[in-house]
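Student: Using the working numbering, the letters of the sequence shown correspond one by one to residues 309 to 591. All residues carry an ideal CB built from backbone N, CA and C; glycine is no exception. Please find one structure pasted underneath; my questions will follow.
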Amino acid sequence: MSATAAESTEPEVPLIASPYDLRVSLGEKVGESGIRAALESGECGFVHSFTTGSAVDGPGMRVVAWLTGCQFRCVYCHNPDTWKMSNGMPVTVERAVEQLQKYRHGLQTMKGGLTISGGEPLMQHRFVLNVFAAAKKMGIHTALDSNGYLGDRLTEADFSSIDLVLLDLKAMTSELHRQLTGVDNKPVHEFARRLAAAHKPIWVRFVLVPGWTDDMAEVERIAAFAASLGNVERVDVLPFHQLGRFKWEKLGVDYQLRDIQPPPRETVNQAIDRFRAAGLKAV
Ligand code: SF4
């Protein structure tokens, strides 16, 4: 998409919003061909929301851009409104960088940076790389929060604009991964190994869901894989929660986890212990 097309279709919606807000159809006026053009040029991206002050999406205080578009269909997704790219607001690289510029000094003082999350940000890899390149020029730390499936869209040269990858490891057993996400996990592992070979730091994110991912033998398999990489700096065990349930209901999508409760603290601690036993820093 050209900048002109993006400007003419950008709705008057504030960029700052919570990822827990339901946002739909913000970019639908752009149309399929406009979305394709935006993906090819990387001049414009589709953004669900933009938050500031996050202390959990990378080191220090972070600005987080939540992009739309995801090819996974995780049974526990808390942002199913990010699946469809046209639910996001079209934002030019220029506007995204302008926003970032406002926080530059604060981020540097608080040893934070920019995290691009989603949805799956690599659905819009050119836009992500453009924004990261601009962030690096401003001296801002960059983190990519990804499910890793589209890692082959990035070359080793592209890695230079990414300081850290927050990588979701959802399951090691291929069948379980398919049940959880709808797709195979081999591309995720290949991306993790490429990052390891390039000595690019990874923070693993693992979502603990009662009845789905709380089998400790499976947690041990994830821990063994993560430890084998040699570049995993930390593991975040994220307890499943129900903050996104209303989105599934509003979107009319069948939600298999409707009645699942968050895991008890003991189970979270057991999972953390498995990662620690593999020699990893886990929280
Ligand atoms: S990868 Fe993330 S955004 Fe995509 S479906 Fe899974 S949890 Fe949702």
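#1: For N387, is the beta carbon positioned less than 7 Å from some heavy atom of the ligand SF4?
#2: Which residue's Cα is closest to the Cα of E340: S394, D522, V543?
#3: Which value, in whole angstroms, describes the spacing of the CA atoms of V543 and I424?
#4: Would you list, in sequence order, the uninterrupted beta strand (DSSP E) runs of no fewer than 3 residues that lie entirely inside the segment 416–464?
#5: If you measure between the beta carbons of A451 and L516, is that distance less than 8 Å?
#6: Where do the ends of the alpha helix (DSSP H) carrying H497 lie?
#7: Within 10 angstroms of the Cβ of R370, are there 16 or more other Cβ atoms? Answer buried if so, exposed if not.
#8: Candidates Q550, D562, A479: which alpha carbon is nearest E526's?
#9: I510 bridges to which residues according to DSSP?
#10: Are the segment 483–493 and the segment 465–473 touching, with three or more C-beta to C-beta distances below 8 Å?
#11: What number of angstroms, rounded off, separates the C-alpha of T417 from the C-alpha of I448?
#12: Considering A345, what are the terminal residues of the alpha helix (DSSP H) in which it resides?
#13: For M524, count the other beta carbons within 10 Å of its own beta carbon; 16 or more makes it buried, fewer makes it exposed. Which is it?
#14: Sorted by chain position, which residues of the same chain lie with C-beta nearer than 8 Å to G377's C-beta, five sequence neighbours on each side aside?
#15: H507: buried (16+ other C-beta within 10 angstroms of its C-beta) or exposed?
#16: So, is H386 buried or exposed, given that buried needs 16 or more other C-beta atoms within 10 angstroms?
#17: From L477 to D567, what distance separates their C-alpha atoms?
#18: Just the C-alpha distance for F533 and K337, rounded to the nearest angstrom, thanks.
#19: L437 to D460, Cα distance in whole Å?
#20: Between the Cα of L565 and those of N539, T521, A585, spot the shortest distance and give me the residue it belongs to.
#21: If you count every other CB in all the chains shown that lies within 10 Å of the CB of T359, and 16 or more means buried, which is it?
#22: Can you name the start and end residues of the alpha helix (DSSP H) that T489 belongs to?
#23: If you draw a straight line from the C-alpha of T317 to the C-alpha of T575, how long is it?
#24: With burial defined as no fewer than 16 other Cβ atoms inside 10 Å of the residue's Cβ, what is the status of T463: buried or exposed?
Tutor: With the given structure in hand:
#1: yes
#2: Between E340 and the set S394, D522, V543, the nearest pair of CA atoms involves S394.
#3: 18 Å
#4: Those beta strand (DSSP E) runs which fall completely within the segment 416–464 and span 3+ residues are 421–425, 449–454.
#5: no
#6: 494–505
#7: buried
#8: A479
#9: V473, V540
#10: no
#11: Cα to Cα, the separation comes out at about 11 Å.
#12: 339–349
#13: It counts as exposed.
#14: Cβ neighbours of G377 beyond the five flanking positions: F354, T390, W391, K392, M393, G396, G426, G427, E428, M431, Q432.
#15: So H507 ends up on the exposed side.
#16: buried
#17: Taking the straight line joining both Cα atoms gives about 24 Å.
#18: 44 Å
#19: 14 Å
#20: T521
#21: buried
#22: 482–489
#23: Caution is warranted here: a pLDDT of 45 is assigned to T317, below 50, making its placement in the model unreliable, and the coordinate value is therefore given only provisionally. T575 has its alpha-carbon roughly 47 Å from the corresponding atom of T317.
#24: exposed
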